[in-house]
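Read in my numbering, the sequence shown has 184 at position 184, and its numbers run on one by one without any break.
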Amino acid sequence: MKKASLLVLLATATGIVDASPDPTPEGFRSLFNGKDLAGWTVPEGDNGHWTVIDGVIDYDAQSEAKGDKNLWTEKEYGDFELRIDWRLKETTGFYDVPYVLPDGSTVKGPDGKNLTHPMPNADSGIYLRGMSKYPLNIWCWPIGSGEVYGIRNNETLPQEIRAGVTPNRRADNHVGEWNTFVITMKGDRLTVVLNGHQVIENAILPDVPEKGRIALQHHGGKKPDGAWSPASSLVQFRNVFIKPL
């Protein structure tokens, strides 16, 4: 009982306990009822790691599913505007982060490899239209959240396409604080607003399907030796609303 009371006090002090969900905006549909994961496909064998705590979707990056560990919507969506709050709960170590330039390229050393610098990190994302190879990143990198890693990091694509999915600024709040994405998909074009700042504008997503499911991303977790990956999805989500366009 004392341990449970202490956990509640700690959660309150750190902002983990939250108020009820925001009302659904006009023209939108809620994808999360604040109570359970109805409308979402929990990975088979997950064993309770994707869950709902105090009105938010909570993930501890330790899904026990043997295959896909991501949390997918049951329905598919084509053109839409998605509004979603998210926050990284904590970081789990230092990750060697590359220096990403505004055009999407990285700074390389004399050996042709990326120059990196260690930083505290956590890592999750959002998959759009069923495209797990194109995560819309949530992380601690200086380039900021909202980039599409699978495109920005694909050196076979034209530079202008890679630049298009590279955030024009870092608009993230601190780890532990809530952030809000407004994500617009129309055709093969993506626009992302993070905390009121448009960080991606009308970017091209090559080969994106016309419709597909949306997912909250699993990333990292604990290694076989029990140590945390420094790119783990210790993340929460709330106020998930979608408007078909």
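Just so it is clear, CB atoms sit at the ideal spot from N, CA and C, and this is done for glycine as well.
Here the structure is a predicted model, which is why all the values come from computation and not from measurement.
Residue i versus residue j: straight-line alpha-carbon distance, rounded
i, j, result
"Asp-103", "Glu-155", "12 Å"
"Pro-167", "Lys-243", "24 Å"
"Leu-115", "Gln-217", "27 Å"
"Gly-109", "Asn-70", "35 Å"
"Ile-204", "Gly-164", "7 Å"
"Gly-55", "Glu-177", "16 Å"
"Trp-141", "Glu-44", "31 Å"
"Glu-64", "Asp-46", "5 Å"
"Ile-138", "Arg-213", "18 Å"
"Asn-195", "Phe-181", "7 Å"
"Val-199", "Met-119", "22 Å"
"Leu-88", "Asp-172", "10 Å"
"Glu-26", "Glu-76", "21 Å"
"Leu-10", "Ile-53", "Its pLDDT being 46, under 50, Leu-10 is placed unreliably in this model, and the value from its coordinates should be taken loosely. In a straight line, the C-alpha of Leu-10 is about 14 Å away from that of Ile-53."
"Phe-241", "Pro-23", "10 Å"
"Arg-152", "Pro-98", "13 Å"
"Asp-111", "Trp-228", "29 Å"
"Pro-209", "Arg-29", "22 Å"
"Gly-39", "Thr-73", "6 Å"
"Asp-58", "Asp-68", "17 Å"
"Val-235", "Gly-130", "20 Å"
"Asp-261", "Ala-122", "No statement about residue 261 is possible, as the shown extent of the chain runs from 1 to 245 and does not include it."
Bridge-paired residues (DSSP) for residue i
i, result
"Gly-212", "Tyr-77"
"Tyr-127", "Ala-215"
"Val-175", "Val-175 is not bridged to any residue."
"Ala-203", "Leu-190"
"Asn-137", "Gly-125"
"Val-235", "Tyr-59 and Leu-88"
"Val-182", "Arg-83 and Val-193"
"Val-148", "Leu-136"
"Thr-106", "Val-100"
Residue i, DSSP secondary structure in three states
i, result
"Tyr-99", "coil"
"Glu-155", "coil"
"Glu-160", "helix"
"Pro-142", "coil"
Buried or exposed by the 16-neighbour rule on C-beta atoms within 10 Å, applied to residue i
i, result
"Phe-32", "buried"
"Asn-202", "exposed"
"Glu-81", "buried"
"His-249", "Residue 249 is absent from the model: the chain starts at 1 and stops at 245."
"Ser-232", "buried"
"Glu-304", "This structure gives no information on residue 304, because the portion of the chain shown stretches from 1 to 245."
"Ala-61", "buried"
"Phe-237", "buried"
"Phe-94", "exposed"
"Leu-245", "exposed"
"Asp-207", "exposed"
"Ser-20", "exposed"
Any non-hydrogen atom of the ligand GTP within 8 Å of residue i CB
i, result
"Leu-115", "Inclusion of the ligand GTP in the displayed structure is not the case, the ligand content being empty and no account of it being possible."
List in chain order: all unbroken beta strand (DSSP E) runs of 3+ residues lying wholly within the region 26 to 66. 50 to 53 and 56 to 59
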